[in-house]
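Asks: Numbering follows the UniProt record's numbering, with no gaps: position 76 of the sequence shown is 76.
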Amino acid sequence: MKSAIKYFVTHFDTLQSEKPHLRIIQQINKLNRKERGELRTQLFERAKFLEASKSPEQIILWLEKCFQIIDKYSFSFNRVFFSPGNGIKESIEKLLREARLSVDLCVFTITDYELARQILACQKRKMRVRIITDDEKILDHGSVIMKLKKAGIQIKTDHSHYHMHNKFGIIDNRIVITGSFNWTYTATKHNQENLLATSNFDIVKQYQTEFNRLWEEMFQL
1 MKSAIKYFVT
11 HFDTLQSEKP
21 HLRIIQQINK
31 LNRKERGELR
41 TQLFERAKFL
51 EASKSPEQII
61 LWLEKCFQII
71 DKYSFSFNRV
81 FFSPGNGIKE
91 SIEKLLREAR
101 LSVDLCVFTI
111 TDYELARQIL
121 ACQKRKMRVR
131 IITDDEKILD
141 HGSVIMKLKK
151 AGIQIKTDHS
161 HYHMHNKFGI
171 IDNRIVITGS
181 FNWTYTATKH
191 NQENLLATSN
201 FDIVKQYQTE
211 FNRLWEEMFQ
221 L
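Next comes the structure, spelled out in structure tokens:
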């Protein structure tokens with residue numbers, strides 16, 4: 001964030017006419033809503049120190065341009081997918097491939113080997129990967145949960161006569177995927193399923209809070 005502020009200040013006179021550097025675009029793209037708010041606040045504070053050398057009109061135009069750039073290059077992802085068909089599965093695989101920090105999955109069952117490979121790839125990239133799943137479904141034929149556990153992935157389950165029936169995930173604490181979709185071959189090829197993927201900050205925050213609550217309550221596999 002400091003480098004973004006420095007960029008905006010040092011490019012005060014050219015910000016209106018030139019496209020931002022790629023590294024600044026990438027930095028802004030990584031910020032969540034809270035961080036974007038903090039960036040705007042810091043730019044307001046920095047504007048106070050520019051009053052000695054710039055006119056009020058120049059400073060207002062500069063702030064407006066800074067905020068336009070932040071809004072334009074902020075990350076936003078809102079999609080809905082349906083099956084049968086490969087749309088849901090391919091979208092999950094893409095999100096897992098692009099993950100950089102963490103993957104939290106709270107899913108009823110996982111039997112799809114291709115999705116499991118993407119989860120393992122996240123773990124090999126030294127990311128934090130956590131899975132909550134149903135204690136009975138890990139015994140199903142084709143379940144990949146024990147394979148993921150042997151690879152070193154943290155897994156927790158319920159100990160209940162009822163089911164841990166959630167089907168959601170949080171990628172990098174900024175994208176939620178949720179819907180009816182089970183992580184199985186049948187769900188991809190035959191079932192009528194849906195998946196919503198969103199970067200809406202308020203929704204992501206609520207799902208992350210619920211995942212963390214369940215993680216504290218569930219039992220280590």
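Heads up, the beta-carbon is just placed ideally off N, CA and C, and yes, glycines get one too. Model, not experiment: these values are computed from the prediction.
For aspartate 202, which of helix, strand or coil comes out of DSSP?
Replies: If DSSP states are grouped into helix, strand and coil, aspartate 202 belongs with the helices.
Asks: Just how far apart, CA to CA, sit proline 56 and alanine 197?
Replies: Cα to Cα, proline 56 sits roughly 42 Å from alanine 197.
Asks: With a threshold of 6 Å on Cβ separation, who are the neighbours of aspartate 112 within its own chain once the five nearest residues in sequence on each side are excluded?
Replies: Around aspartate 112: Trp183, Thr184, Tyr185.
Asks: Grab the span of the beta strand (DSSP E) containing glycine 179 for me, first residue to last.
Replies: Segment 175–179, the beta strand (DSSP E) holding glycine 179.
Asks: First and last residue of the alpha helix (DSSP H) that includes isoleucine 92?
Replies: Where isoleucine 92 is concerned, the enclosing alpha helix (DSSP H) stretches over 87–98.
Asks: Between which two residues does the beta strand (DSSP E) containing glycine 169 stretch?
Replies: 167–171 is the span of the beta strand (DSSP E), which, as asked, contains glycine 169.
Asks: Rounding to the nearest angstrom, what Cα-Cα distance links glutamine 192 and proline 84 in this structure?
Replies: About 6 Å.
Asks: Start and end of the alpha helix (DSSP H) containing phenylalanine 81?
Replies: It is not in any alpha helix (DSSP H) - phenylalanine 81 instead sits in the beta strand (DSSP E) that spans 78–83.
Asks: Taking DSSP's pairing of strands, which residues face serine 55 in a bridge?
Replies: Paired residue(s): none; serine 55 is not in a bridge.
Asks: Using the C-alpha atoms, what's the distance from serine 199 back to arginine 33?
Replies: Roughly 10 Å separates the two Cα atoms.
Asks: Which first and last residues belong to the alpha helix (DSSP H) in which leucine 22 is found?
Replies: Where leucine 22 is concerned, the enclosing alpha helix (DSSP H) stretches over 22–30.
Asks: Ignore the nearest five residues each way along the sequence and tell me which others in lysine 167's own chain have a CB closer than 7 Å to its CB.
Replies: These residues qualify, in order along the chain: Val107, Phe108, Thr178, Gly179, Ser180, Phe181, Asn182.
Asks: Would you identify the three-state DSSP class for glutamate 136, choosing helix, strand or coil?
Replies: Looking at glutamate 136 - three-state DSSP - the assignment turns out to be coil, as it is neither helix nor strand.
Asks: Please determine if the stretch 133–140 and the stretch 160–175 are in contact, where contact requires at least 3 C-beta pairs separated by less than 8 Å.
Replies: The stretch 133–140 vs the stretch 160–175: in contact.
Asks: Can you give me the C-alpha to C-alpha distance between methionine 164 and asparagine 194, rounded to a whole angstrom?
Replies: Near 19 Å, if we compare the C-alpha coordinates of asparagine 194 and methionine 164.
Asks: Give me the DSSP bridge partner(s) of asparagine 194.
Replies: Phe82, per the DSSP bridge assignment.
Asks: Isoleucine 5 lies in the alpha helix (DSSP H); which residues open and close that run?
Replies: Segment 2–10, the alpha helix (DSSP H) holding isoleucine 5.
Asks: Can you give me the Cβ contacts of glutamine 154 inside the same chain, cut-off strictly under 6 Å, excluding the 5 residues immediately before and after it?
Replies: Cβ neighbours of glutamine 154 beyond the five flanking positions: Arg130.
Asks: What does the alpha-carbon distance come out to for the pair glutamate 98 and alanine 4?
Replies: Each residue's Cα considered, the two are about 23 Å apart.
Asks: Between the C-alpha atoms of glycine 142 and isoleucine 203, what's the straight-line distance to the nearest angstrom?
Replies: Taking the straight line from one Cα to the other gives about 32 Å.
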